[in-house]
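A.B. asks: I have a structure here, written as structure tokens, and I will follow up with some questions on it.
Residue numbers (this note's numbering): 2 to 99.
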């Protein structure tokens, strides 16, 4: 399993717009992808203009299919990208799960 964590700083005042894009993306992208095991996006109520994405994929090929999808290109690489100040991609390996 491949785990990805993306802490994302948004441009000031773009939280609502970013959340709307994420809500539009989830059913068109991750929910339709067999290799996307989970797609979760968190907001921090004490920190405006920030989102945390935590995603799990069956393998690298599944992640590549996810980022190569039409929905990803339109919504994330397209509209969402313009709302971001800083985007960090952090890979994680599963240590313990129950």
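Yeah, the Cβ is synthetic: ideal placement off N, Cα and C, and Gly gets one too.
Since this is a predicted model, take the numbers as computed values, not measurements.
Based on the DSSP secondary-structure assignment, which residues constitute the bridge partners of residue 99?
C.D. replies: In DSSP, residue 99 forms no bridge with anything.
A.B. asks: Would you say residue 55 and residue 7 are within 9 Å of each other, going by their C-beta atoms?
C.D. replies: Result yes, Cβ atoms of residue 55 and residue 7 sit closer than 9 Å.
A.B. asks: If you follow the beta strand (DSSP E) that residue 56 is in, where does it begin and where does it stop?
C.D. replies: Here the beta strand (DSSP E) through residue 56 covers 48-58.
A.B. asks: Taking the CB atoms as reference points, tell me whether residue 72 and residue 29 lie closer together than 9 Å.
C.D. replies: Yes, Cβ-Cβ distance for residue 72 and residue 29 is below 9 Å.
A.B. asks: Evaluate the contact criterion for the segment 72-86 versus the segment 9-17: three or more CB pairs, one atom per stretch, below 8 Å.
C.D. replies: Yes, the segment 72-86 touches the segment 9-17.
A.B. asks: Quick check on residue 67: buried or exposed, where buried means 16 or more other Cβ atoms within 10 Å of its Cβ?
C.D. replies: Answer is buried; the Cβ neighbour count reaches 16.
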